[in-house]
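Chain order of the listed sequences is X and A.
Quick note: the first sequence uses full-length UniProt numbering, first residue 1, plus one each step.
Quick note: the second sequence uses full-length UniProt numbering, first residue 1, plus one each step.
From the three backbone atoms N, C-alpha and C, an ideal C-beta is built for every residue, glycine too.
Accompanying notes for the structure given below.
There are 2 protein chains.
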Amino acid sequence: MTRKKQTDRVTITDVARVAGVSKTTVSRYLGGQYHVLSESTQARIKEAIEQLNYRPNQMARGLKRDRSYLIGMVMADISNPYSTAVLRGAEDVCKQKGYSILVCNTDNDPAKEREYILMLQSHRIDGLLINTTGKNNDFLRELANDCTPVVLIDRKVPVLGFDTVGLDNEQATSEAIHFLLNRGYKRIAYVSEPIAGVSSRRERAAVFTALADQYGYSADDLYEVNLQSPERLSEVLDHFLQRTQGEKPVIFAANGVVLLKLIRALQSKGISVPEDVAVISFDDTEWAALIGSGITAIAQPTYQIGMTAMERIFQRMEGDGSPAQNIAFAGKLIIRGSTPPVV
Amino acid sequence: MTRKKQTDRVTITDVARVAGVSKTTVSRYLGGQYHVLSESTQARIKEAIEQLNYRPNQMARGLKRDRSYLIGMVMADISNPYSTAVLRGAEDVCKQKGYSILVCNTDNDPAKEREYILMLQSHRIDGLLINTTGKNNDFLRELANDCTPVVLIDRKVPVLGFDTVGLDNEQATSEAIHFLLNRGYKRIAYVSEPIAGVSSRRERAAVFTALADQYGYSADDLYEVNLQSPERLSEVLDHFLQRTQGEKPVIFAANGVVLLKLIRALQSKGISVPEDVAVISFDDTEWAALIGSGITAIAQPTYQIGMTAMERIFQRMEGDGSPAQNIAFAGKLIIRGSTPPVV
DNA sequence: CCGGTTTCTGAAATCGGTTTCATTATAGCA
DNA sequence: TGCTATAATGAAACCGATTTCAGAAACCGG
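Okay, here's the thing in structure tokens:
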């Protein structure tokens, strides 16, 4: 009897030999085609698989079936808790279907984004979730020619036939602003990361701007800040707050990362929340409740977003050819101490 | 001229045909064996690849080469920022080498951990990073028989020949406790998630216990809390704080997640930090500086941990057969307002 | 007892690459 | 000129699965 080296993996041929059947038969067993197999054959194969501790090689299987059982996930910023929350939702759906996720972090760098997508393609991923940097629109449009299903998360790409899943930015922003107005705030600043190219930022900012005239706050108080340079945020605060004419000001942070830097800047300037300035923010981070008397925030159903995005992938894989959908979930306003009623 | 269906991917055979050479020659080009190829052949292949927009199929390549160019990463809790910070370090090393990462989140569930590892094995991953649940030691030991390199992150498994990378828990814990003692604290509580099976928790707690007698605080104030049930934490606080006899108490949180729940519990009880109780914690979370006057914390070099772990994987892949290493990085104590000197 | 199903199984082709080995052409040298 | 070394290339086997197609055995009705 010949024995393989220890380093050699057990193959379907080994199983076939031990069970005394052909590779074909073993393959049918693996594929769950039990109805064409005799009971005794099934038993012998089962026995052999357990004895050898056999695990089929997905690369070989994938090559023939033209399926990798891999899903790519390209995130602009994996250290943002939003990303991992979405990942969890996506992963749970995948696991249940026997798929695994290849995670890539682009650090908001479009070059990295391109490289990663090419890399994923060469692994022949069966689906692709993208939270795009927003600076690769032409490149992404080419993806549409491939047959691989793509779902965009949070950020859309214009003109394109991709499914998208994210927050209903219009509803959420509008609800938040109406809440502030009802509480008596008349001076509202909206602080966002650079808006160009990122649809969710654009949509949120657009609502802020659109409601300004109607409700009597200034659309000029829409500030874009690059969080890499902390001075800019500091200047913005000075500019906004010094113009306060007896009116209680409120600052609206466009996401959790902005909020973090904002709180840091306020603290270093000795400005108190909510005494000197009220604060509201997108993203209900785990720590939002802990800052002072809590920061009022708009919670996103992140887990649900991840699940839904991945479910779209599978539906597309299973042949759903319907037109691209934009799926937008409502945000939920969580009221805390940072936005007290104006007296 | 025959034309393939749109859905068909370009293969090496197509490139060979267009370039007017054999598959073999194209393969050599792809493998970078330029020295055996004539200049003109190289040029024609390059041209053909670009024209066809060809991307080699990693499954086919992997099947023959017995390499998947995939690394598995199994994390106990991906929503812990520690995990994503480590992931970033690991990913950067991978990307540079042309590898991709399959990320799995076990939610501290040993059954999920087993399933994921089997799944990864069937993808024939070339390396495996595990932040283990700590409840699969027998199963993990079997992994050692496989030839695939494994590196454990943060949590070790007894008796095993795996490389490990993590924090120097002894140094870090000891440094923190000495810091507290120097500041004049004599009543120290250490609050940890359940210690059984998780080496990093055990190591940290062991130092707390070991130094107790020597420095005159009580080793009884080591509390294990299951964070699923918030009442337990509340009871622990009551128990510890009511025994305070005029001495200023300090609570030492065993990681960032514990700290989060701790702060929440203290706030809901109306206990102020640092007036009523001082606080120190493992993990310098992004928000630690923002709570009150800041929480004193032990920062871990997470990015470095991820990088180093992945580098070990590649070294093992390249044939390094040296005995298993335990690599422990020093933590850095970041002093903030939550631990003022006792007056 | 015979042709026709039905049930179960296997030989061989295939997926898209890599690798081994053989072949051709050209150069170098006596 | 003839013979060998070297450079450049290709045919075919191979990796480990799946799938097509065909064959053997058992069963069935007339």
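{"Asked": "Integer Cβ distance of A/Pro149 from A/Gly127, believed to fall under 8 Å", "Found": "5 Å"}
{"Asked": "Neighbour flag for A/Glu50 against chain X, beta carbons, 8 Å", "Found": "no"}
{"Asked": "Cβ-based neighbour list, X/Arg201, same chain, cut-off 7 Å, excluding 5 preceding and 5 following", "Found": "Ser192, Glu193, Ile195, Ala254"}
{"Asked": "Opening and closing residue of the alpha helix (DSSP H) in which X/Glu318 lies", "Found": "No alpha helix (DSSP H) holds X/Glu318; DSSP gives it neither H nor E."}
{"Asked": "Beta-carbon proximity check, A/Tyr190 vs A/Phe252, cutoff 8 Å", "Found": "yes"}
{"Asked": "Cβ separation of X/Lys186 and X/Gly216, assumed to be a contact under 8 Å, to the nearest whole Å", "Found": "7 Å"}
{"Asked": "When X/Glu91, X/Val151, X/Ala85, X/Lys269 are compared against X/Met317, the one with the closest alpha-carbon", "Found": "X/Val151"}
{"Asked": "Span of the beta strand (DSSP E), counted from its first residue to its last, around A/Ala328", "Found": "326-329"}
{"Asked": "Where X/Tyr54 sits in the DSSP three-state scheme", "Found": "coil"}
{"Asked": "Within 8 Å, strictly: CB atoms of A/Ser174 and A/Leu120", "Found": "no"}
{"Asked": "Own chain partners of A/Ala90 with C-beta closer than 8 Å, once the 5 adjacent residues on each side are dropped", "Found": "Ile71, Met73, Ile101, Leu129, Gly306, Met307, Ala309, Met310"}
{"Asked": "CB contact check: A/Ser38 to chain X, cutoff 8 Å", "Found": "no"}
{"Asked": "Buried or exposed (CB count within 10 angstroms, at least 16 for buried), A/Lys135", "Found": "buried"}
{"Asked": "Within-8 Å CB hit, X/Asn105 to chain A", "Found": "yes"}
{"Asked": "Chain-ordered neighbours of A/Gln58 on chain X, where CB pairs are closer than 9 Å", "Found": "Met59, Ser68, Met119, Ser122, His123, Arg124"}
{"Asked": "Given 8 Å, three or more beta-carbon pairs between the stretch 325-339 of chain X and the stretch 284-297 of chain X", "Found": "yes"}
{"Asked": "Of the listed residues A/Ala278, A/Ile263, A/Gly270, A/Val86, nearest to A/Ile177 (C-alpha basis)", "Found": "A/Ala278"}
{"Asked": "Host alpha helix (DSSP H) of A/Lys23 (start-end)", "Found": "23-30"}
{"Asked": "Whole-Å CB distance - A/Ile117 paired with A/Asn131, under 8 Å assumed", "Found": "Not a contact, Cβ separation roughly 12 Å."}
{"Asked": "Cβ-Cβ distance between A/Val15 and A/Tyr54 below 8 Å", "Found": "yes"}
{"Asked": "Contact with chain X by A/Ala210, beta-carbon distance below 8 Å", "Found": "no"}
{"Asked": "X/Glu170, DSSP secondary structure in three states", "Found": "helix"}
{"Asked": "A/Ser22 to A/Ile12 span [Cα, whole Å]", "Found": "9 Å"}
{"Asked": "Any C-beta of chain X under 8 Å from that of A/Thr133", "Found": "no"}
{"Asked": "Host beta strand (DSSP E) of residue 344 of chain A (start-end)", "Found": "Outside the displayed span of chain A (1 to 343) sits residue 344 of chain A, for which this structure offers no information."}
{"Asked": "Inter-residue Cα distance where the pair is A/Leu30 and A/Met75", "Found": "34 Å"}
{"Asked": "Own chain, CB closer than 8 Å to X/Asn226, minus 5 neighbours either side, in chain order", "Found": "Glu193, Pro194, Arg232"}
{"Asked": "Minimum C-alpha distance to A/Thr133 - residue among A/Leu143, A/Lys112, A/Thr41", "Found": "A/Lys112"}
{"Asked": "Nearest-angstrom Cα separation, counted from A/Glu142 out to A/Thr339", "Found": "45 Å"}
{"Asked": "Cut-off 6 Å between Cβ atoms - residues of its own chain near X/Gly62, not counting five sequence neighbours on either side", "Found": "Ser68"}
{"Asked": "Proximal residues of chain A, C-beta to C-beta of X/Gly62 below 8 Å", "Found": "Met59"}
{"Asked": "Cβ of X/Ser174 within 8 Å of any chain A Cβ", "Found": "no"}
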